[in-house]
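Q:
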Amino acid sequence: MKLIHCFEVPSGREDEFLAGWHKLTAGLQGADGYYGTQLFRQAGDVGKFAFINSGDWRDEDAWRRAVTSDAFRAELAPMADFKGTPGLYEMVYEEVFPRP
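Under the numbering used here, residue 127 is the last one in the sequence shown; the count climbs by one each step, no gaps.
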C-alpha cells in the first residue's frame, strides 16, 4: 500500500515544514506495518505542491492505526499550518528500465 501525501508549503517556510515532517515520521518508526518513506521536493516551478511524501504500508488498517494513535496525533501540531492532501494507493502497473 502506498501513501501519497502532497503538501502546500509557503515560500520561505520550507525548513519549518521539514523539521515538523522529520519529527512526525520519526515517530512512525517501529509502527506495525510501516515500511518507510521518501520525501520529494518540487523541482523548478512545475507543479502545485512543494513536497510530496511517498510512504509504504502493509495495508490500510496498519496506516489507520498509526495515524490515529495518540502518539502520532501529539506530533501533528508543527504540521498544522501546512495543507496536506493524502491518499492511499495500490500499484496496478510498474515498468522499470535499466539506467545507463
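Virtual Cβ for every residue (Gly too), placed ideally from N, Cα, C.
1) Would you mind stating whether L55 and E87 have Cβ atoms separated by less than 7 Å?
2) Quick check: the region 43-63 against the region 94-110, are there 3 or more CB pairs under 8 Å?
3) By DSSP, does P113 sit in helix, in strand, or in coil?
4) Quick check: F67 and F34, are their CB atoms within less than 7 Å of each other?
5) Check whether the region 89-102 touches the region 68-77, taking contact to mean three or more Cβ pairs, one atom from each stretch, closer than 8 Å.
6) Using 8 Å for Cβ pairs, my map puts W84 next to Y62. What's the rounded Cβ distance?
7) Between A89 and G60, is the Cβ-Cβ spacing less than 7 Å?
8) Which residues in the same chain have their Cβ closer than 7 Å to the Cβ of V36, if we skip the five residues on either side of it in sequence?
9) Which partner residues of H32 appear in the DSSP bridge assignment?
A: Taking the coordinates as given:
1) Taking the first residue of the sequence shown as 1, we reach residue 55 at position 28. Taking the first residue of the sequence shown as 1, we reach residue 87 at position 60. No, they are not a contact pair.
2) yes
3) What you label residue 113 is simply residue 86 of the sequence shown in a count that begins at 1. P113 falls in the strand class under three-state DSSP.
4) Translated into the one-based positions of the sequence shown, residue 67 becomes position 40. Translated into the one-based positions of the sequence shown, residue 34 becomes position 7. No. Outside cutoff.
5) no
6) The sequence position of residue 84 within the sequence shown is 57, counting from 1. The sequence position of residue 62 within the sequence shown is 35, counting from 1. About 7 Å separates the two Cβ atoms, so the contact holds.
7) Counting from one through the sequence shown, the residue named residue 89 turns up at place 62. Counting from one through the sequence shown, the residue named residue 60 turns up at place 33. Yes, these two residues count as a Cβ contact at 7 Å.
8) Looking up residue 36 in the sequence shown gives position 9. Answer for V36: F44, A77, F78, F109, listed in chain order.
9) Here residue 32 refers to the residue found at position 5 of the sequence shown. Paired residue(s): N80, P113.
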